[in-house]
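Structure record follows, encoded as structure tokens.
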Amino acid sequence: MIIFDTLQNREVEFIPIRADEVRIYVCGPTLYDHAHLGHARSAIVFDLLRRVLEELGYRVVFVKNWTDIDDKIIRKIEESGKSLTEITEHYRKSYLQDMEALNVLPPTYEPKATENIDSMVQLVSSLLKRDIAYRTSSGDIYFDTSKDSQYLSLSKRFQDHRESRLENIEKEKRNPGDFVLWKAKRDGDIVYFETEIGEGRPGWHIECSAMIERHLAYRDEKYSIDIHGGGADLVFPHHENEASQSRCATNRELAKYWLHNGFVKIDGEKMSKSLGNSFFIKDALKHYSGEVLRFYLLSTHYRQDFNFSEEELIKSKKRLDKLYRLKKRIYGTKAGEANPEVRKKILDALTSDLNISVALSVIDEFVSDSNERLDRGEKGKGFKREVIGTIEYISKLLGVGGKDAYQYFQFGISEEEREEIENLISQRSKAKKNRDFATADRIREELQSLGIQIMDTPNGTIWEKIN
RNA sequence: GGUGGCAUAGCCAAGUGGUAAGGCAGUGGCCUGCAAAGCCAUCAUUCCCCAGUUCGAAUCUGGGUGUCACCUCCA
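The opening position of the first sequence corresponds to residue 54 in the working numbering, with each subsequent residue numbered one higher.
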């Protein structure tokens, strides 16, 4: 498998640390708000990577953390009067619902930062003992970036010689780039932990290093884990700092490969809370099924920026519709083996740094070819079973196409609406039988105004909800 | 100011030295009572601009333009 490694800044062959196992850590959400489409994309991208690696036969251990202690969460506590747990559990459940809707496989482990304070303290202590970390008079503990000759090797930056853009620059820092590992408790702080390094709370970066060390790391290898992933905005400072503190604390490189996904943008600008242009996943799910959203977010190569637009989402859905119409044509057929050629082409594309465009074009051709054969009257059971088997393979690998073909086209239709639609269709069928085409066409138009497209087939009239 | 991406048809998007995948939209046809769906055909002499290397470049080199991102919390 070929992947693009941020550290080497090129495509490289993926060779796991140990032959049959792959350990992946992906930075999860900070639980202070609902997840937006950027979170969705990142989750979907790494879910795809995981599925491909599993298909290749690796045992994949996939860890995604919950950041449930953070300044933004604390601000939320102060604003709302709710407890830390109330807030973080609320957003954690929301995130889990989103992931389920998007058909993102649950991670092998999902550790919480607050349940791993001990590991963080251990890491900080060992850095303190070796003078790689130091305390300021306030009790805060900083990481001394000058102690790591490889600092900035991941993000490939030069030390910034200008004064920091932060006005409240910490005057006691040894180097402008030093970052906080531990924030000592101040008077009035409501959230803090009592630990051997004092009362306080962890800085942002330390949790990932600590949780990797505790839950995932090889202890006797050159690298702690195989792959570390996240959004491109995490390269600096988050991943740079993680890599550095882990390197200094464990004498191991944190990850053998670093993967980063591109942004979701709105009107050409990065989707972010501060710009006020972010879409929550849960809101998008009110209008489109999680599967349609997944397919859309999946359809652009993971390293490219993704310009989100509802118009493009609808276009993308039409492509997925075609897969389901094929599935509907041979509804009820049992799955056989997937077509080996199609299967190989899809996997070849995906093992080439997740080349989704090529994979999707293979699927398009498979759908066309299968329809053509069905049009020609090919009726063999073996053929139909192979088609269903191939769709199941696609579903396993891409996480789309696995639903019931009729239900897929009825997203958002209530029971009453369904009865209404079926009633109208049966009226139209009677009119058609009597060759009363004026009435039949009038009913068809009525259905269309309800957003329902009908199709007359040899086996009767079927319907789909159209956008 | 520093650093890194990206620029391919109306739109989305592959392709990184051998003569432009795929999807959406469009056009013509088959099918249909008419549609829809499906199928067939068609749709970029050309890949932001300029110069260079080469038998040959969308692909490599140099320069330029545009655009986005990171450098501050961020997937």
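We put the CB at the ideal spot given by N, CA and C, even for glycine.
Contact between Ile416 and Ile447 holds: CB atoms are separated by about 6 angstroms, below the 8 angstroms threshold. For Gly513, no alpha helix (DSSP H) run applies; the uninterrupted beta strand (DSSP E) run containing it begins and ends at Gly513 to Lys518, by DSSP. For Leu503, there is no enclosing alpha helix (DSSP H), since its DSSP letter is neither H nor E. By the C-beta density criterion, Leu451 is buried, having at least 16 other C-beta atoms within 10 angstroms. Proximity of the stretch 193–204 to the stretch 223–232 meets the contact definition, three or more beta-carbon pairs being nearer than 8 angstroms. For His313, the three-state secondary structure derived from DSSP is strand. Rounded to the nearest angstrom, the Cβ distance from Leu500 to Ile474 is 7 angstroms, consistent with a contact under 8 angstroms.
Inter-residue distance for Gly385 and Gln460 is about 14 angstroms (C-alpha atoms, whole angstroms). Annotation for Glu517: Phe462 and Gln506 place their beta carbon closer than 6 angstroms to its own, counting only its chain and skipping 5 residues before and after. For Lys387, the three-state secondary structure derived from DSSP is coil.
Taking the C-beta atoms as reference points, His258 is found nearer than 7 angstroms to Glu295. Classified as buried, His313 has 16 or more neighbouring CB atoms from the shown chains inside 10 Å of its CB. Annotation: the stretch 221–265 contains the following complete segments of the beta strand (DSSP E) (minimum length 3 residues), in chain order: 232–237, 246–248 and 251–255. Linking Arg145 to Lys432 through their CA atoms gives a straight-line distance of about 49 angstroms. The continuous alpha helix (DSSP H) containing Asp401 extends over residues Pro393 to Leu403.
Every alpha helix (DSSP H) of 4 residues or more that sits fully in the stretch 275–344 is shown, in chain order, as 293–303 and 334–340. Contact check for Ile383 and Lys437: beta-carbon distance about 5 angstroms, within the 8 angstroms limit, so the pair qualifies. In this structure the stretch 324–332 lies against the stretch 74–91, because at least three pairs of beta carbons, one per stretch, are closer than 8 angstroms. Selection Ile278, Ala302 and Ala237 evaluated against Leu181 yields Ala302 as nearest (Cα-Cα).
Annotated as distal: Asp73 and Arg103, with beta-carbon spacing of 7 angstroms or more. Bounds of the alpha helix (DSSP H) holding Phe436 are Lys434 to Leu451. DSSP places Phe196 inside the beta strand (DSSP E), whose first and last residues are Ile194 to Phe196.
Assigned with DSSP and collapsed to three states, Asn360 falls in strand. Under DSSP, Ala93 shares a beta bridge with no residue. If you draw a 10 Å sphere on the C-beta of Thr141, you find 16 or more other C-beta atoms in it, and that means buried.
According to the DSSP assignment, Arg426 belongs to the alpha helix (DSSP H) that extends over Ile409 to Asp428. Here DSSP, grouped into helix, strand and coil, assigns Arg188 to strand. Our two residues, Pro160 and Cys80, have alpha carbons roughly 12 angstroms apart in a direct line.
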